[in-house]
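Under the numbering used here, the first residue of the sequence shown is numbered 3, with each subsequent residue one higher.
The beta carbon of each residue, even a glycine, is placed where N, CA and C say it ideally should be.
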Amino acid sequence: KLGVPDLPNYLWHFLFDQLNMDNGISSKDICLSDCPTFTSSLKIFNSATAVFVSPSGPSGIGRMWWEHIRTTPSWHHG
């Protein structure tokens, strides 16, 4: 458990905003019941690797760059 009881509401608002970026309506302006729901489970990982390809990067055409992103759960709780 994450200890965030309003997480489903935040997620539903986030999904609405992501799916409706071009119509100018914010999820803050609509009822929660008009937001898409998410009922599946979520998985939390403490690290991830992101790979980027830049067609015109500083090292030439097709430059590839990767980042390893780490989080520490204890940061949130002190």
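Inset, instruction - Note down, in chain order, each residue of its chain lying with its Cβ closer than 6 Å to the Cβ of GLU69, except the 5 sequence neighbours on either side. - result: Looking up residue 69 in the sequence shown gives position 67. Taken in chain order, the residues that qualify are ALA52.
Legend entry - Boundaries (first-last residue) of the alpha helix (DSSP H) holding ASN11: Counting from 1 along the sequence shown, the entry for residue 11 is found at position 9. Residues 9-21.
Legend entry - Candidates SER28, ALA50, THR73 and ASP24: closest to TRP14 by CA position: For the purposes of this step, residue 14 is taken as residue 12 along the sequence shown, with counting starting at 1. Out of SER28, ALA50, THR73 and ASP24, SER28 has the C-alpha closest to the C-alpha of TRP14.
Inset, instruction - Give the straight-line distance between the Cα atoms of PHE18 and LEU9, rounded to the nearest whole angstrom. - result: Stepping through the sequence shown from its first residue, residue 18 is reached at position 16. Stepping through the sequence shown from its first residue, residue 9 is reached at position 7. Straight-line Cα distance between these residues: approximately 14 Å.
Inset, instruction - Counting only the same chain and skipping the five closest in sequence on each side, list residues whose C-beta sits under 7 Å from that of THR39. - result: Here residue 39 refers to the residue found at position 37 when the sequence shown is read from its first residue. For THR39, where only same-chain residues beyond five positions count, the Cβ hits under 7 Å are TRP14.
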